[in-house]
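This note's numbering puts the sequence shown at residues 114 to 526. Positions of the beta carbon are idealized from the N, C-alpha and C atoms, including for glycine. One structure is given here, and the rest of the page talks about it.
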Amino acid sequence: MSKRIFLCLAHMSEDGIEQKYIQKAFDDNYVVPLGPNVNQFEEELEAYMGQGKQVVALSCGTAAVHLALIACGVGPGDEVCVQSFTFCASSHPITYLGAKPVFIGSEADTWNMDPALLEAAIKDRIATTGRKPKAIIPVALYGMPYRIGEIMEIAERYDIPVIEDAAEGFGSEYKGQKLGTFGRFGVLSFNGNKMITTSGGGALVCPDDEAASKIMWYATQAREAYPYYQHEAIGYNYRMSNICAGIGIGQMTVADAHVAHHRHIAAMYREAFAKVDGIDFHDGSIEGSNFWLNTITLSPSLNIKGQENAYSVAVQGAVGGAAGVVHGGGSLHTDCEPNANVEAMRVYLDKAGIEARPLWKPMHKQPVYAEAAVYTNGIEEDLFKCGMCLPSGPCVTDDDVRYIIEKIKEAIA
Ligand SMILES: *Cc1c(COP(=O)(O)O)cnc(C)c1O
């Protein structure tokens, strides 16, 4: 097989609608971070999300997390409860603001924020610091809905705003309502590997016009109403480009098809792995996942070909190399890494032209967060050691899925 099968690659509409709207940006002479495409994309997102929400299109999902935190009043010395099992974009913006993440562990069913641990953490932070955390960030890991009913109940009881990180959960629903519309704010990402893309981009789902205007103001360098540049607060240059928004408009025409395709692939994996001892497909009991990435766990007792040599050579570059710049020359091991059979499976699939990847390494196990407070039962750490992500995107065909399943079975020693 010469073709390489990736986890989730950008996939354009069949009839080139993205290109048509990119061209429109040039025709309109709006090659700037505002314009008709941005307005149209936001309106379409508002209709898609529902619940009367206002959407502000931004340069990336990380910017959306950052601005949501600012809008929740997070500042130096404050604490924010955030799911530990996530990509770094959920927690890094907390540190941009001089605030501190309080990492919350996951529960075994959804792999997302455990509401019981969240409440224990809130109580303990109040007891030890005398202050409430300023926000709560649950994450729809791999698209799986979090226990948002219970999380909202706790958040309301303690009067703490929720920022839903639905970057991976675009199109996922909880009881028929789109993720990102339950909390005060909802974060979306349109990075090249997400459910839909604008090449790079994101959006913040806001409760009303007032909140959306404030986000828009922060996203455009916080300018006051004067005929010259007057600044009374620090702003950011976070608005989405009108060119990128053109791609977004085209992608909205395939959003439902993409979600359906990811779910279809999930069904194929689910059925296949039900018959394989030692491999579990991650489903969770809450309906509505978009299955952005399909994930499996490998029993530690499963033997994989080449396992004895796992971690014997250093990888070249970092995982998810799209962004390019990584530090080289690390050691072969860290104090928290996937089991040898998971690494052997990754290498086996890699040689067969299949990209597979470990799960996100929990943030509280990252050296950069060594000092952070954490409330966990260890579930996310256990999952990190035995789990992996499989190709799931719109470029992955049924034949690809059958080939991947065949290779995974073949890798078992
Ligand atoms: C992708 C992602 C984001 C946003 O990332 P950007 O690349 O900045 O758009 C935020 N949180 C999670 C969990 C993500 O996977």
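Roughly how many whole angstroms lie between the Cα atoms of residue i and residue j?
| i | j | result |
| --- | --- | --- |
| ALA370 | ASN403 | 11 Å |
| GLY293 | CYS319 | 9 Å |
| CYS502 | ALA469 | 6 Å |
| LEU147 | SER285 | 28 Å |
| ASP393 | ILE130 | 39 Å |
| ALA332 | ASP511 | 42 Å |
| GLN343 | ALA234 | 41 Å |
| SER412 | ILE360 | 41 Å |
| GLU523 | ALA423 | 17 Å |
| GLY76 | ASN304 | Not covered by the structure: residue 76. The range shown for the chain is 114 to 526. |
| PRO251 | HIS477 | 15 Å |
| MET162 | LYS291 | 6 Å |
| SER505 | PRO340 | 51 Å |
| LYS520 | ASP278 | 33 Å |
| MET226 | VAL460 | 30 Å |
| GLU155 | THR199 | 26 Å |
| ASN407 | ILE399 | 15 Å |
| ASP396 | ALA335 | 43 Å |
| ILE264 | LYS464 | 42 Å |
| PHE497 | ALA268 | 27 Å |
| ARG376 | ALA453 | 29 Å |
| TYR255 | GLU494 | 16 Å |
| ALA184 | VAL215 | 19 Å |
| GLY500 | ALA253 | 17 Å |
| GLU281 | LEU301 | 8 Å |
Report yes if the C-beta of residue i is less than 7 Å from at least one heavy atom of ligand 1; otherwise report no.
| i | result |
| --- | --- |
| PHE198 | no |
| GLU281 | yes |
| GLY506 | no |
| ASN225 | no |
| VAL215 | no |
| ASP511 | no |
| VAL252 | yes |
| ASP278 | yes |
| ALA202 | yes |
| VAL193 | no |
| GLY299 | no |
| VAL426 | no |
| THR311 | no |
For residue i, does the count of other Cβ atoms within 10 angstroms reach 16, so buried, or fall short, so exposed?
| i | result |
| --- | --- |
| PHE139 | exposed |
| VAL514 | buried |
| TYR382 | buried |
| ASP191 | buried |
| LYS474 | buried |
| LEU415 | buried |
| ARG270 | exposed |
| GLN364 | buried |
For residue i, which residues does DSSP report across the bridge?
| i | result |
| --- | --- |
| ASP393 | THR410 |
| ILE525 | ILE417 |
| PHE216 | VAL195 and VAL487 |
| VAL300 | ASP278 and LEU317 |
| ASN350 | THR333 |
| LEU254 | The partner list for LEU254 (beta bridge, DSSP) is empty, contrary to what the question assumes. |
| ILE249 | CYS194 and VAL275 |
| LYS291 | GLU286 |
| ARG470 | CYS502 |
| ILE360 | Answer is none; ILE360 lacks a bridge partner. |
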